[in-house]
Amino acid sequence: MKKPCEKPMKMLKLEALSRRLSPNHPKQKKITNDYRKIRTGFNGESSIGKELKELSKKYQVFHDLRLSRDESSFFQMDFLIVSTNCCIIIEVKNFAGLLYFDRTYPQLIRTKDGQEQAYLDPLIQVDVQKSRLINWLNFHKFPLLPIETLIANANSNTIIKTTPGHASIFKQITGKETLISKIQTLDKKYPSAQLTQRQRNKLSNTFLQKNTPHNPDILKWYQISETDLLKSVHCPECSILQMQRHWGKWTCAHCSYSSKDAHIQTLRDYALLIRPKITNKQARLFLQIESIDIMQRILSTMELPYTGQYKNREYNLDGLFHE
Ligand SMILES: [Zn+2]
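Per full-length UniProt numbering, the sequence shown starts with residue 1, numbered consecutively.
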């Protein structure tokens with residue numbers, strides 16, 4: 001995969017936020033709900049991503065590209081597959097139950113446990129993504145590749161129906177089981193190469209370069225003050241915030257587990273929630289360490305890049321974002 005499946009920034013931030021707020025914090029419930037939604041979406045994408053690993057090297061796979069022509073109106077694609085002959089946009093869904101693609105009044109009606117619910121038609125959603133991608137390719141002066149679209153449902157417990165006479169839409173809808181063969185069928189529609197190998201590499205590099213992940217300031221988003229965040233180091237074993245540093249290692253006051261590097265997750269939380277840079281003083285406050293020297297030793301063994309001297313030295317925590 002050119003751009004593998006990784007947890008989105010907002011998901012990492014919500015995980016950090018939830019463990020850094022007390023369980024009875026007034027925003028905790030909303031955060032947990034929002035987190036569950038993102039997690040369900042991500043789990044669906046991961047399971048589709050696993051299938052896509054079966055594709056041959058002929059196809060380049062990008063997970064979660066977020067692009068814009070003008071740095072303001074972004075469009076996001078769950079997966080984009082690029083061969084030298086065409087592009088395929090994949091939108092991942094997680095619907096269980098009976099799905100009815102209504103073509104008289106374009107919408108998706110899902111029936112589950114006797115309840116009907118209407119959704120935005122994903123076929124329209126991918127059409128919008130397609131026209132945005134065409135604009136983007138034009139803007140960056142790439143040859144206009146044919147673009148196909150697919151809806152991939154990650155949930156296997158689904159029955160799909162549509163308005164009589166519209167069975168052709170099933171070419172664009174797939175479950176996990178038929179995903180690879182549908183991709184190959186779509187690709188075969190375009191037997192001649194539209195891009196040279198060199199052009200395709202340039203396109204792939206431009207996708208990666210121009211990708212702008214959604215990265216909200218999560219405290220601002222939920223209107224939570226920095227002072228609400230719980231400080232100190234979580235125990236990797238029992239998750240309780242009671243680790244104490246003695247003789248070069250962390251020991252949990254609750255379960256006695258000990259760890260040499262439990263502080264890494266704490267600094268990652270700091271980077272995700274507050275700022276991706278930290279001074280010795282800020283680190284002492286967040287990790288609840290009194291000694292400047294011990295803090296200095298911890299930060300220098302992590303070999304983080306830094307700028308500035310002495311008290312003003314700031315360590316860069318960017319490298320800690322992904323697990
Ligand atoms: Zn513990």
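For each residue, glycine too, the CB sits at the ideal point set by N, CA and C.
Check whether the Cβ of residue i sits closer than 7 Å to any heavy atom of ligand 1, and report yes or no.
i: residue 25; result: no
Compare the C-alpha of residue i against each of the options and name the closest.
i: residue 211; options: 270, 133, 304, 122; result: 133
i: residue 112; options: 37, 102, 104, 98; result: 98
i: residue 147; options: 188, 179, 110; result: 188
i: residue 29; options: 222, 40, 303, 61; result: 222
i: residue 241; options: 57, 22, 15, 11; result: 22
i: residue 229; options: 25, 130, 9; result: 25
i: residue 49; options: 34, 152, 109, 20; result: 152
i: residue 66; options: 318, 282, 120, 214; result: 214
i: residue 174; options: 165, 247, 157, 164; result: 157
i: residue 236; options: 60, 121, 253; result: 253
i: residue 78; options: 92, 71, 68; result: 92
i: residue 161; options: 109, 177, 122; result: 109
i: residue 168; options: 39, 103, 315, 9; result: 103
i: residue 172; options: 243, 126, 137, 131; result: 126
i: residue 248; options: 238, 259, 239; result: 259
i: residue 204; options: 251, 218, 142; result: 142
i: residue 266; options: 285, 150, 257; result: 285
i: residue 130; options: 101, 176, 75; result: 75
i: residue 263; options: 288, 206, 275, 276; result: 288
i: residue 276; options: 8, 80, 319, 10; result: 319
i: residue 302; options: 268, 273, 144, 206; result: 268
i: residue 219; options: 68, 270, 299, 232; result: 270
Applying the 10 Å Cβ sphere with the 16-neighbour rule, what's the burial state of residue i?
i: residue 261; result: exposed
i: residue 64; result: buried
i: residue 326; result: Residue 326 is absent from the structure shown; the chain starts at 1 and stops at 323.
i: residue 139; result: exposed
i: residue 124; result: exposed
i: residue 13; result: buried
i: residue 89; result: buried
i: residue 234; result: buried
i: residue 317; result: buried
i: residue 58; result: exposed
i: residue 154; result: buried
i: residue 246; result: exposed
i: residue 325; result: A query on residue 325 cannot be resolved here, the shown segment of the chain reaching from 1 to 323 and no further.
i: residue 70; result: exposed
i: residue 128; result: exposed
i: residue 120; result: exposed
i: residue 315; result: buried
i: residue 208; result: exposed
i: residue 106; result: exposed
i: residue 182; result: buried
i: residue 297; result: exposed
i: residue 324; result: Outside the shown range of the chain (1 to 323) lies residue 324, about which nothing can therefore be said.
i: residue 117; result: exposed
i: residue 37; result: exposed
Should residue i be listed as close to ligand 3, given that the test is whether its C-beta is under 7 Å from any heavy atom?
i: residue 285; result: With respect to small molecules bound, the structure shown includes ligand 1 and not ligand 3.
Of all residues in the structure, which have a C-beta closer than 6 Å to any heavy atom of ligand 1, taken in chain order? 235, 237, 238, 240, 252, 254, 255, 257
Cβ contact (3+ pairs, closer than 8 Å) linking the region 181–194 and the region 4–17: no
Decide if the region 198–208 is in contact with the region 76–85; the criterion is three or more beta carbon pairs, one per stretch, under 8 Å apart. yes
Answer yes if the region 32–46 comes into contact with the region 289–308, meaning at least three C-beta pairs across the two stretches below 8 Å, and no otherwise. no
Three or more C-beta pairs below 8 Å linking the region 305–321 and the region 274–289: yes
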